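Q: Quick one: the structure is below, questions incoming.
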């Protein structure tokens, strides 16, 4: 089935812009009158190409079944193409689908990224350690280590306390969650980058967690 969905290089080369339907076959002129035809191309980083191939169906099904989008992988250009079609009923479908795919390509698990399709109040905040403090070499490595913690303990503590998901990709940090939750998580991470001891950060996270529980 995956072979039918993911276009071959030769097929993409001869018709790179042609949409495909849910069965992986070419279609023409099948754009809903209610949603203007629109196409998005999402570049796939080299290091995420293999994970994308492995999780293709997990991404493909919600994009087509829940959002009504036409989807294909353009192997020549190495982009995921999303297009509105006659099953697209929501004008935000293309944007939400793009955010879902982009979240996966940033490193979020499919089960976490799919929340961007189903909830309207979520976002991704991305920044780098150097945006907070200019560090290099061992100093940069230690800052990243403080964010992760031993065995990922600090990262998990921030995720659980702030109700977010975090991806550490080298010096890049991506946070997925609601607006307030993302801000709280970013504040905690920035404190660690600036040198705040983990113990002090844990204490602050406990207060944050209590406050969120009372609020929600």
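In the working numbering, the protein residues as written are 1 to 216. No residue lacks a Cβ here, since even glycine has one placed at the ideal position from N, Cα and C. Computed from a prediction, not measured in an experiment: that's the story for all the values here.
#1: Express the C-alpha separation of residue 180 and residue 52 in angstroms, rounding to a whole number.
#2: Can you tell me where the alpha helix (DSSP H) holding residue 51 begins and where it ends?
#3: Where are the alpha helix (DSSP H) runs, 4 residues long or more, that stay fully inside the segment 91 to 174, in chain order?
#4: Is it true that the segment 102 to 114 meets the segment 161 to 176, where meeting means three or more beta-carbon pairs spaced less than 8 Å apart?
#5: So for residue 81, helix, strand or coil by DSSP?
#6: Of all the options 60, 77, 61 and 90, which has the alpha carbon lying nearest to the alpha carbon of residue 46?
#7: Between residue 158 and residue 92, what straight-line distance do the alpha-carbon atoms span, to the nearest angstrom?
#8: If you count every other CB in all the chains shown that lies within 10 Å of the CB of residue 169, and 16 or more means buried, which is it?
A: Short version:
#1: 30 Å
#2: 49 to 54
#3: 93 to 106, 110 to 113, 115 to 118, 129 to 132, 137 to 148 and 153 to 162
#4: yes
#5: strand
#6: 77
#7: 30 Å
#8: exposed
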